[in-house]
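Everything below concerns the one structure shown next.
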Amino acid sequence: MTELWTGDVLTASFRMGMCFAADGKLRGVVLLRSSNGQVDVYHVYGSVQNNTFSATHGSGHKITGRFLPGDDVEVKIRLGNGMRFTTVARRFRDVPLTDDCAPLPETSTHQQD
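Shown next as structure tokens:
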């Protein structure tokens, strides 16, 4: 199963491509676009259990959270330096992603609301 999550944190926006396996494993690619247009890419790996998820990046960044009713996901981000942020992402199900679970380039039909 594949999903695209979109949202904002501080002055940056993000697009997360998430791939879920039947055994509960997840992998994804986070594209974080700063206010100056620079895009940083993070590959994350983790798992889903019941209504919660947890994924980590090799640098020590951690993404956890829970699926909310409807099309929202509560996302908690803990950076490797200890800084923490919480945001709500919009969730789009069964979307096409690249082979490594990255979001496809933005088009007029896939832009953030």
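Under the working numbering, the letters of the sequence shown match residues 41 to 153, in that order. Yeah, the Cβ is synthetic: ideal placement off N, Cα and C, and Gly gets one too. The model shown is predicted, which means the values in this text are computed figures rather than measured ones.
M56 has W45, V70 as its beta-bridge partners, per DSSP. Between N91 and the set G98, V81, D112, the nearest pair of CA atoms involves D112. Residue state for P143 is assigned as strand, using DSSP reduced to three classes.
Buried is the label assigned to T46, since at least 16 other Cβ atoms lie within 10 Å of its Cβ.
For H97, there is no enclosing beta strand (DSSP E), as DSSP marks it with neither H nor E.
Counting the other Cβ atoms within 10 Å of the Cβ of M123 gives fewer than 16, which makes it exposed. A residue is called buried when at least 16 other Cβ atoms come within 10 angstroms of its Cβ; V115 meets this threshold and is buried. Counting along the chain, the unbroken beta strand (DSSP E) around Q89 starts and ends at 79–89.
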